[in-house]
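Read top to bottom, the protein sequences are chains A and B.
Numbering-wise (the working numbering), the first sequence opens with residue 3 and increments by one.
Numbering-wise (the working numbering), the second sequence opens with residue 25 and increments by one.
Don't be surprised by glycine CBs; every beta carbon is placed ideally from N, CA and C.
Data block below; observations after.
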Amino acid sequence: MNRFDYVRAGTVAEAVQAFAAGARFIAGGTNLIDLMKYDVEKPGRLIDITRLPLDQIEDHAGGLRIGALATNAKVAYDDRVAERYPLLRNAILAGASAQLRNAASTGGNLLQRTRCYYFYDTATACNKREPGSGCPAIGGMNRIHAIFGTSDKCIATHPSDMCIALAALEATVQVSGPQGERSIPFAEFHRLPGETPEVDTNLAPGEIIVAVDLPASRFPQHYTYLKLRDRLSYAFALVSVAAGLELDGGTVKSARLALGGVAHKPWRNREAEALLEGKPATRESFQAAADLIVSEAKPQSENGFKVDLARRAIVRGLEQAAAGTPQSLSDKRIQ
Amino acid sequence: MRLETQPPVSADTPIGITLTINGQRRELQVAPWTTLLDLLRERLDLTGTKKGCDHGQCGACTVLVNGTRVNSCLTLAVMKDGAEITTVEGLASLGDRAGSNALHPIQEAFIEHDAFQCGYCTPGQLCSSVGLMNEGHAHTRDEIREAMSGNICRCGAYTNIVDAIEDVMQGSAR
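Given below as structure tokens:
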């Protein structure tokens, strides 16, 4: 780990003021410290924001405001989250381990970096770590990589489970920075790699996440977070599906669907969501939506299996949501 | 407690922190890049806490910070200024057993159920088990297994570890 200056901030304004080029804010540290141990991140200054008063979960504007420092465990086990946004609870609990969820913050979860092997290995090229150096994952070991929204510069995936649910729930990210405060709709928070894969999000330098806002209760009955991975716990998703439905009898009133493990950001396809509206909540409707989504897939040399896996996971996830039988967090059999 | 923003501390200056470790208050000077794990093992000779992967993947370094289980390898000591830390060396004196030589019930249950072989992961498994019980979210065997998935045991003692935890949760440990 490199040497760095350490600043402990007392207020958001002080944290923002302490920011300088090469500095990083640190909260849970579960990803940043790991990256520092690999010399992927070498901040000149760490600004410790854990003492800021941002760990509350509060009723706000008919929904819920989750403070950026609320730990993943605190959010997952909050009674209001369980009651109004069980999709979020299930997604959080599908990720990481209990120890990591106890430390990791809400804001930090949004900002965690990809787990692409090449990004982590400083002996290799990586356009995300070292812009312009190349992408060995293209044509290399890319079994875990993206099938949607890739560029010829980067095929890395976004690693979070929580963010997949936040995308389906259409959360809003509240940020504060040198230019003041602003709100970022969740769909616009993370970026596709394009020509600048080193930029993961649309946060400006020195901006700090202060809260994540959830709209009024969504999908309290008809939801699932279905996560498919190489082992049954404590592994990143190969494909995951956050599905939420509002049903009117047997008809879909509205649908929200986000996929994890397949793109540089939580992957949504609004055409597929619109296609489901007004349709019967049947396997045929779900297959049509899944076919539409995967018709845009561009698999790499080793991850072609993800296309069919995603198609099937979408159908199964929508079936689980429609039936009101979300994927169990402890019994890993997929019903 | 009023918390002032501290002026940036230059990389060469150690920072003064106070930690209560296994009930003992310690005033320490640490470099900001010192992990809690390295502080415990290298500076304080509390070598019960183990370094396995050093990347938060194995759980061998699990300790309790203010009663909550975390990976000490992914924790900077300076950020835990003021916290209470419990390591495997302090488990026996938790609760009403302070001052006695008795083991913590989970330690007794691990022995009773043969819940380890080489023992390297055991301090982390024990602290994680206590953290799990403090949290109170896991009730069934499946839930215990899921909630312990952050602790790897390469000898494969998982079945017996779950037995030991279940035993203590049911209050039937010796």
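Assuming the contact rule is C-beta atoms closer than 8 Å, residue i and residue j should be a hit. Round their C-beta distance to whole Å, please.
i, j, result
"B/Val-94", "B/Thr-73", "The Cβ separation is near 12 Å, so there is no contact."
"B/Val-54", "B/Val-89", "No, B/Val-54 and B/Val-89 are not in contact; Cβ-Cβ is about 15 Å, not under 8 Å."
"A/Ala-189", "A/Leu-89", "Actually they are not in contact, since the Cβ atoms of A/Ala-189 and A/Leu-89 sit about 16 Å apart, beyond 8 Å."
"A/Ala-274", "A/Leu-261", "Contact flag wrong, Cβ pair sits at about 10 Å."
"A/Glu-209", "A/Ser-178", "7 Å"
"A/Gly-12", "A/Pro-217", "Incorrect: roughly 32 Å between the Cβ atoms, too far for contact."
"A/Asp-41", "A/Thr-124", "5 Å"
"A/Arg-270", "A/Ala-169", "6 Å"
Which one or two residues does DSSP pair with residue i in a beta bridge?
i, result
"A/Gln-176", "A/Ser-185 and A/Ala-213"
"B/Thr-42", "B/Glu-51"
"A/Asp-154", "The partner list for A/Asp-154 (beta bridge, DSSP) is empty, contrary to what the question assumes."
"A/Val-9", "A/Ile-49"
"A/His-192", "A/Thr-203"
"A/Val-254", "A/Leu-249"
"B/Trp-57", "In the DSSP output, where bridge partners are listed per residue, B/Trp-57 has none listed."
Going by the C-beta, is residue i closer than 7 Å to any heavy atom of the ligand COA?
i, result
"B/Arg-65", "Of ligands this structure carries none, so the ligand COA is not represented either."
Is it the case that the Cβ atoms of residue i and residue j are separated by a distance below 8 Å?
i, j, result
"A/Val-264", "A/Ala-148", "yes"
"A/Leu-171", "A/Val-241", "no"
"A/Ala-93", "A/Tyr-227", "yes"
"B/His-208", "B/Asp-78", "Because chain B is modelled from 25 through 198, residue 208 of chain B falls outside the range shown and cannot be assessed."
"B/Ile-189", "B/Ile-176", "no"
"A/Val-77", "A/Ile-51", "no"
"A/Lys-308", "A/Ala-96", "no"
"B/Gly-76", "B/Cys-85", "yes"
"A/Met-143", "A/Tyr-122", "no"
"A/Gly-196", "A/Ser-153", "yes"
"A/Arg-47", "A/Gly-24", "yes"
"A/Phe-191", "A/Val-201", "no"
"B/Gly-174", "B/Gly-83", "yes"
"B/Glu-113", "B/Asn-46", "yes"
"A/Glu-248", "A/Ser-235", "no"
"B/Leu-98", "A/Ala-105", "yes"
So is residue i buried or exposed if we call it buried at 16+ other beta carbons inside 10 Å?
i, result
"B/Asn-158", "exposed"
"B/Arg-198", "Because B/Arg-198 sits at a pLDDT of 43, beneath the cut-off of 50, its placement in the model cannot be relied upon, and the following sentence gives the value as read from the coordinates. Exposed."
"A/Gly-69", "buried"
"A/Glu-279", "exposed"
"A/Gln-337", "exposed"
"B/Glu-28", "Model confidence at B/Glu-28 stands at a pLDDT of 48, short of 50, so the residue's coordinates are unreliable; what they give is reported in the following sentence. That one is exposed."
"A/Arg-5", "exposed"
"B/Arg-26", "The pLDDT assigned to B/Arg-26 is 39, lower than 50, so where the model puts this residue is not dependable, and the model offers no usable value."
"A/Ser-303", "exposed"
"A/Lys-300", "exposed"
"B/Ile-135", "exposed"
"A/Cys-128", "buried"
"B/Asn-125", "exposed"
"A/Asp-250", "exposed"
"A/Gln-322", "buried"
Next on the checklist: Tell me which residues of the stretch 84-95 of chain B have at least one Cβ-Cβ distance to chain A shorter than 7 Å, keeping chain order.
Outcome noted: Thr-86, Thr-92, Arg-93, Val-94 and Asn-95
Checklist entry - What residues in the stretch 101-134 of chain B have a beta carbon less than 7 Å from any beta carbon of chain A? => result Val-102 and Met-103
Next on the checklist: Any C-beta of chain B within less than 8 Å: which residues of the stretch 100-114 of chain A qualify?
Outcome noted: Ala-100, Gln-101, Leu-102, Asn-104 and Ala-105
Checklist entry - Which residues, taken in chain order from the stretch 56-81 of chain B, show a beta carbon closer than 9 Å to some beta carbon of chain A? => result Pro-56, Trp-57, Thr-59, Asp-78, His-79, Gly-80 and Gln-81
Checklist entry - Of the residues that make up the stretch 30-41 of chain A, which ones have a beta carbon closer than 7 Å to any beta carbon in chain B? => result Gly-31, Thr-32, Ile-35, Asp-36 and Lys-39
Checklist entry - Relative to chain A, which residues along the stretch 167-180 of chain B have a C-beta separation below 7 Å, given in chain order? => result Glu-167, Glu-170, Ala-171, Ser-173 and Gly-174
Checklist entry - What are the residues of the stretch 42-70 of chain A that lie near chain B, defined by any Cβ-Cβ distance shorter than 8 Å? => result Arg-47, Leu-48, Asp-50, Thr-52 and Arg-53
Checklist entry - Closer than 8 Å, Cβ to any Cβ of chain A: which residues of the stretch 136-158 of chain B, in chain order? => result Ser-152, Gly-155 and Leu-156
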